[in-house]
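**Student:**
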Amino acid sequence: MSTYHISDSKLDPETTAKHYDSWAGQYDEETVTRLHYTGHNVCADAVAKSLGGSDRGKVRILDVAAGTGLCGEELVQLGFTDIDAVDGSQDMLNLAERKQIYKRLICDFVGPNRLDIENDTYDAIACCGSFAPSHLKEDCLPELIRVVKPGGYIVITFREEYLHTVEDYKDKLEPTMARLQDEGLWERVSRETFPKFYEDKDGITFVYKVL
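Take any residue in the sequence shown, count from 1 to its spot, add 120: that is its number in our numbering.
1) Distance, Cα to Cα, Gly323 vs Gly159?
2) Can you grab the Cα-Cα spacing for the pair Val196 / Ile221, in whole Å?
3) Exposed or buried, which one is Glu194 when buried takes at least 16 other CB atoms within 10 Å?
4) Can you list, in chain order, the residues of its chain whose CB lies under 7 Å from that of Leu331, leaving out five sequence neighbours each side?
5) Which residues bound the alpha helix (DSSP H) around Asp285?
6) Within its chain, find whatever has a CB closer than 8 Å to the CB of Gly231; leave out the 5 residues flanking it on each side and keep chain order.
7) Is it true that the stretch 280 to 292 meets the stretch 178 to 187, where meeting means three or more beta-carbon pairs spaced less than 8 Å apart?
8) Using a Cβ-Cβ cut-off of 7 Å (strictly less than) and excluding sequence neighbours within five positions of Ala164, which residues of its own chain qualify?
9) So Phe278 packs on Ala252, CB below 8 Å; how close in whole Å?
10) What is the DSSP secondary structure of Lys257, counted as helix, strand or coil?
11) Which residue's Cα is closest to the Cα of Lys223: Ala186, Tyr318, Cys248 and Asp211?
12) For Ser170, count neighbouring Cβ atoms within 10 angstroms of its own Cβ and tell me buried if that reaches 16, exposed if not.
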């Protein structure tokens with residue numbers, strides 16, 4: 121099961137997680153080696169830029185829909201050491217655990233449901249490649265905001281064309297982001313597109329500051 125099959129299908133969360141369970145062993149090789157995936161690099165760099173001169177050894181980060189830990193590995197390379205992960209696929213998390221980059225691994229779906237995380241826990245969230253068909257929806261955003269400290273950052277990176285081609289995001293994702301800003305929950309710092317998210321597909325990164 122490849123990313124093409126998962127991303128081009130409309131699946132419920134449980135089915136998507138099962139597909140990732142079966143794909144876990146080949147995931148890193150297929151995405152990075154075959155697809156030349158760069159989203160995790162861009163997302164981690166945006167987290168580092170947002171946090172500026174913070175003591176990277178003391179900053180707490182949540183890697184949302186962390187998968188096998190590609191973004192987490194990049195964060196560690198940038199000097200961050202206090203990182204937790206949440207993902208709906210236990211097999212993906214099992215592979216991530218072997219990399220010894222996360223302090224806590226949480227197997228749960230990220231949506232409107234309340235995660236087993238206290239309010240205002242993290243200085244930043246990294247969410248990379250997780251807004252795609254049959255993946256996260258806009259209804260998860262309030263929960264992401266809840267677990268980030270005021271003044272912390274939420275960095276979301278994904279394939280740019282999904283904003284316009286995925287029914288769950290068209291006329292939904294960015295309007296929800298704007299509504300949450302109007303409600304005073306966060307404010308947008310940047311919205312930047314970049315080439316070669318993977319292969320010839322452009323990516324987009326949103327950075328929001330939690331208020």
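For each residue, glycine too, the CB sits at the ideal point set by N, CA and C.
**Tutor:** With the given structure in hand:
1) The sequence position of residue 323 within the sequence shown is 203, counting from 1. The sequence position of residue 159 within the sequence shown is 39, counting from 1. Distance between the alpha carbons of Gly323 and Gly159 is about 7 Å.
2) Here residue 196 is taken as the residue at index 76 of the sequence shown, counted from 1. Here residue 221 is taken as the residue at index 101 of the sequence shown, counted from 1. Val196 and Ile221: Cα-Cα distance of roughly 7 Å.
3) By 1-based counting over the sequence shown, the position of residue 194 is 74. Answer is buried; the Cβ neighbour count reaches 16.
4) In the sequence shown, the residue the question calls residue 331 occupies position 211. Cβ neighbours of Leu331 beyond the five flanking positions: Pro270, Gly304, Leu305, Trp306 and Glu307.
5) Position 165 of the sequence shown holds residue 285. Reading off the sequence shown, one finds Thr at residue 285, where the question assumed Asp. Residues Tyr282 to Thr285.
6) In the sequence shown, counting from the first residue as 1, residue 231 sits at position 111. Correct list, in chain order: Pro133, Leu256, Lys257, Asp259, Cys260 and Glu263.
7) no
8) Taking the first residue of the sequence shown as 1, we reach residue 164 at position 44. Excluding residues within five positions, the ones whose Cβ falls inside 7 Å are Cys191, Glu194, Leu195, Leu198 and Ala246.
9) The count along the sequence shown starts at 1 and reaches residue 278 at position 158. The count along the sequence shown starts at 1 and reaches residue 252 at position 132. Rounded, the Cβ-Cβ distance is 6 Å, consistent with contact.
10) Position 137 of the sequence shown, counted from the start, is the residue given in the question as residue 257. Correct three-state label for Lys257: coil.
11) For the purposes of this step, residue 223 is taken as residue 103 along the sequence shown, with counting starting at 1. That would be Ala186, whose Cα lies nearest to the Cα of Lys223.
12) Translated into the one-based positions of the sequence shown, residue 170 becomes position 50. With 16 or more Cβ atoms within 10 Å of its Cβ, Ser170 is classed as buried.
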